[in-house]
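**Student:**
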Amino acid sequence: MRKHLPWLALCVAVGLNACAAGPQPQFPSARLDTARACADWRWIGISRPGARCPDVPGWTVRPLFAQLAPALEERACENAEKTRQQIKVVQELNRFCVYEIADPGKSLKQLPFPPAVTADLVRFDQDCAALALTDTDLVAQSWTPDAKVFLAQAGGPRKPLEINNRLGVRLAFLDTQPTGEGVPTKSGNSMHGYTLARLAQQLVCAPGSPDRCAAQITTQLALPIIEFNPEDPSRSRIDKDRGGYLGMQSNLAEAVRDEVDAWLPKRSSQRHLILNLSLAWDPELFGGRNERQVAEMRAGTQAVYRALQYAAGFDVLVLAAAGNQKQDPCANFGPLLPAAWERGGPREESCGAYPEAPLVYAVGGLQADGSPLANARPGGMPRRAAYGATELFAGSSVATAVASSIAAVVWDTVPSLSPSEVMAILDGTGNGTALNRRVSPKVLNDLLPLKADFWFGANASPPPGALAVGGPGDQDAPAVRRLSLCTVLEQACEEHPDVACPLHSSCEPERLARASLSKPDASKTAPKGSCQPWLYPQPEYDPCPGCPPPKPGS
C-alpha cells in the first residue's frame, strides 16, 4: 500500500491528523472469565501510525492484513472523499500485527513483553477465540430439510421467481465452511456454514435451475479452529481444509478482508457483495459495545471493526446475527457483537462525529408463529427478524441467512440501490413507506406487536458502562418487521416499477398463523450451567427436544 499512496495523493488530499492525543500503550487487564478463550501464545498488536510491526526477541511477528488495497487505484479520482476515507482505513489495517511465541516450550513469563521492549506498539492484547458457532459433538448428517416448510416460513412465493440476472450479487457466508466458490456440495467438520449456504440456495435460486440464481453463493472460512488451548499452541488444532468449530477475532477480521479482496476483481459480473456473519462474541467478556472511541477497544475487536470499515468503503452490505442466550448464570442481556454495532459504532476521535450509516445490520430469530425464538436474548431484538429454525439448527444464525438471501434477491432485482436503500426496503422504510407517506398494508401485516430493543442511532452517546440498547418501553422504538421474501420483493417492485419484477403475479406467500407474542423469559428457557466464554448462535441446548419441523400455517 505504501508505494501507492504518493500516486493516490495526486487525486485526493489525505488528512489524517487526529483532534485528540494518540492512545497510550495499553496493557492487559485481569483475565477473569476470558482466560479460557484468550491465547497466552498469540497476541494482536497495533503499531503507532507509520511504523512497521516491530521485531521482538523470542516472538514471531507478521502483519495481520495484506498491505495492499488493489482496487483503490481504479477508483481514486472517482469519489475523492470516499477514497480519502478508504485510504485512511487501509492505513489503519496496516498497523495490526500478529505476535506468537516462537518457542512453544517457553511461557509468556520467560520472554520480553513486546510493549515494554518497543515504543512502536500502542496496543497489545491477547487474540481471543470467542466466535464459536456449534457444538463439536454434533453428528454430521445429510442436509434434508423440508424445503416446502422452510420456504413457506421464509415467505417464499407460491409460484417460483423468474430470476432477472445470473449471479449479479455475491452472497458470502463467513463461517465454518472452507473457502470456496459456489454452493458447497459436502459439509466440512461442522454442518453450520454448509447448512446456511444450502438454505440460501433455496431462496436465491430458481427451483430446478441451480445456475440461475440472484446471487453467487460463496463461503469464506472464518472459524478454522478444531481444538483450542489458551496455554499451549501445540494442543490447538486448525483445519483450513475442512473448517473448524470456532475462530479467533483475528480469523474473522482476515476473512472479511479476504472476501472483499476476492470479490473486487469480479465486480464487472458480480456487482454487489453481501457478507453473512452468523457468528458473535460477548461484549461483556471481550468488549466493543460501550467504548466511545475505536482506539479504546481491544486490539482484536478493533481489527474486526476496521475490516468492516474496509468493506463499507466498497459499499458491501453486512448482516449479522443478533445472538442467542448462553447458559445461566452467564449474563444474557443485550445484543452480541458485531451485530450490536448497528446502533452506531464508536467515534474515530473524541471530537469526531458518529458514523452516518451502520457497519452491520442485525437480524433476530423468530418461531413459525412470529414470536421470538426460545433462545432469543432479552434486550437483543433488532428492528428486523426472520424465521430461524430448521431440523438441524435454530437461532439467529439461520434467521440471518434468510435475511441475507432476501437482500440478495432485492439487490439483484434493483441493482442501482445502495446498501442502505436495500435495507430500507427490508425494513419497510423505503420510498413508498416513509413515515410521511402511506404505509403499504402488506408492510403493516409484516410488523409484529414487538418493539425493537436496538436500532441504528439509538442511544448514540451512552454513558460509560451503559448498555448500547434502547430502553424498555422506548416510545421511539420501531416495531419489529418479520422479513418475508415475497412481500419484501413485491415492495421493491412497487417502489421501482421500471425493473423487471421476478414475481409472476401479486405476492401470495403462505399465510402464517399469529400467536400472542411476548419475549421469552431467560430464567425459564435457558438451563443452569457453568458460564463459559464460547458463543453459540446455534443454541447450546435443544429448545424443543423431539419436536417435528413446523407445518405451513402452523
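Quick note: the sequence shown uses this note's numbering, first residue 532, plus one each step. For each residue, glycine too, the CB sits at the ideal point set by N, CA and C. The structure presented is a predicted model; accordingly, all values stated were derived computationally and were not measured.
Evaluate Arg-820 with the Cβ neighbour count: other Cβ atoms within 10 Å of its Cβ, from every protein chain shown; 16 or more gives buried, anything less gives exposed.
**Tutor:** buried
**Student:** Counting only runs of 3+ residues fully inside the region 802-867, write out the beta strand (DSSP E) ranges in chain order.
**Tutor:** You should have 803-808 and 848-852.
**Student:** By how many angstroms is the C-alpha of Val-953 removed from the C-alpha of Glu-1021?
**Tutor:** Cα-Cα distance, rounded: 13 Å.
**Student:** Who are the near neighbours of Glu-712 in its chain, counting only those whose CB is closer than 7 Å to its CB and skipping five residues on each side?
**Tutor:** Cβ neighbours of Glu-712 beyond the five flanking positions: Thr-749.
**Student:** Do the CB positions of Thr-726 and Leu-923 come within less than 8 Å of each other?
**Tutor:** Yes. Within cutoff.
**Student:** Check for me: the beta strand (DSSP E) holding Thr-750 runs from which residue to which?
**Tutor:** 746-752
**Student:** Can you tell me the Cα-Cα spacing of Asp-770 and Glu-758, whole angstroms?
**Tutor:** 9 Å
**Student:** In the DSSP output, what is Ile-956 paired with across the bridge?
**Tutor:** Residue pairing by DSSP leaves Ile-956 without any beta bridge partner.
**Student:** Should the region 623-632 be regarded as contacting the region 585-595, the criterion being three or more beta carbon pairs within less than 8 Å?
**Tutor:** yes
**Student:** Could you give the distance in angstroms between the alpha-carbon of Phe-864 and the alpha-carbon of Gly-910?
**Tutor:** A straight line joining the alpha-carbon of Phe-864 with that of Gly-910 spans about 6 Å.
**Student:** Would you mind working out which of Val-1030, Ser-951 and Arg-1013 sits nearest Pro-980, comparing C-alpha positions?
**Tutor:** Arg-1013
**Student:** Identify whether Val-700 lies in helix, strand or coil by the three-state DSSP scheme.
**Tutor:** strand
**Student:** Could you please give the first and the last residue of the uninterrupted beta strand (DSSP E) stretch that includes Gln-657?
**Tutor:** 652-659
**Student:** Can you list, in chain order, the residues of its chain whose CB lies under 8 Å from that of Arg-743, leaving out five sequence neighbours each side?
**Tutor:** If you ignore the 5 residues before and after Arg-743, its C-beta comes within less than 8 Å of the C-beta of Ile-694, Arg-697, Cys-736 and Ala-737, all in its own chain and listed in chain order.
**Student:** Taking the straight line between their C-alpha atoms, what separation do you get for Cys-569 and Ser-765?
**Tutor:** 15 Å
**Student:** Assign Gly-911 to one of three DSSP states: helix, strand, or coil.
**Tutor:** coil
**Student:** Taking Asp-977 as the reference, give the member of Ser-947, Pro-1009 and Ile-756 with the closest Cα.
**Tutor:** Pro-1009
**Student:** Residues in its own chain within less than 6 Å of Ile-632 by CB, not counting five upstream and five downstream?
**Tutor:** Excluding positions up to five away in sequence, the list reads Trp-572.
**Student:** Taking one C-beta from the region 612-622 and one from the region 828-835 each time, how about it: are there three or more such pairs within less than 8 Å?
**Tutor:** no
**Student:** Determine the contact status of Gly-1095 and Ser-927, defining contact as a CB-CB distance below 8 Å.
**Tutor:** No answer is possible for residue 1095: the residues shown for the chain start at 532 and end at 1085.
**Student:** Within this structure, are the beta carbons of Ile-956 and Glu-1026 separated by less than 8 Å?
**Tutor:** At a Cβ-Cβ threshold of 8 Å, Ile-956 and Glu-1026 count as neighbours.
**Student:** According to DSSP, Tyr-630 sits in a beta bridge with which residue or residues?
**Tutor:** Per DSSP, Trp-574 and Val-592.
**Student:** Between which two residues does the alpha helix (DSSP H) carrying Gly-895 extend?
**Tutor:** Element bounds for Gly-895: not the alpha helix (DSSP H) but the beta strand (DSSP E), 892-897.
**Student:** So what does Arg-1013 bridge to, in DSSP terms?
**Tutor:** Ala-916
**Student:** Grouping DSSP H, G and I as helix and E and B as strand, with all else coil, what is Cys-569?
**Tutor:** Note: Cys-569 maps to strand in three-state DSSP.
**Student:** Could you tell me if Gly-739 is buried or exposed, where buried requires 16 or more neighbouring beta carbons within 10 angstroms of its beta carbon?
**Tutor:** exposed
**Student:** Is Asp-984 helix, strand or coil by DSSP?
**Tutor:** coil
**Student:** Would you mind stating whether Leu-783 and Ala-851 have Cβ atoms separated by less than 8 Å?
**Tutor:** no
**Student:** Can you name, in chain order, every residue of its own chain whose Cβ lies under 7 Å from the Cβ of Gly-818, other than the five neighbours on each side?
**Tutor:** The residues Met-828, Arg-829 and Thr-832, in chain order, have a CB closer than 7 Å to that of Gly-818 in the same chain once the five nearest residues on each side in sequence are set aside.
**Student:** Suppose you measure from the CA of Pro-588 to the CA of Asp-772; what does that come to, to the nearest Å?
**Tutor:** 32 Å
**Student:** Between the Cα of Pro-866 and those of Glu-879, Phe-845 and Leu-810, spot the shortest distance and give me the residue it belongs to.
**Tutor:** Leu-810
**Student:** If you follow the alpha helix (DSSP H) that Ile-937 is part of, which residue opens it and which one closes it?
**Tutor:** 927-944
**Student:** Could you check which residue in Leu-804, Leu-639 and Val-791 has the C-alpha nearest to that of Arg-475?
**Tutor:** One cannot answer for residue 475 here, as it falls past the ends of the chain, which runs 532 to 1085.
**Student:** Tell me which residues share the same chain as Ala-834 and place their Cβ nearer than 7 Å to its Cβ, disregarding the 5 neighbours each side in the sequence.
**Tutor:** Ile-575, Leu-595, Phe-627, Gln-780, Ser-781 and Ala-784
**Student:** In this structure, what does DSSP give as the bridge partners for Ala-737?
**Tutor:** The beta-bridge partner set that DSSP reports for Ala-737 consists of Ser-740.
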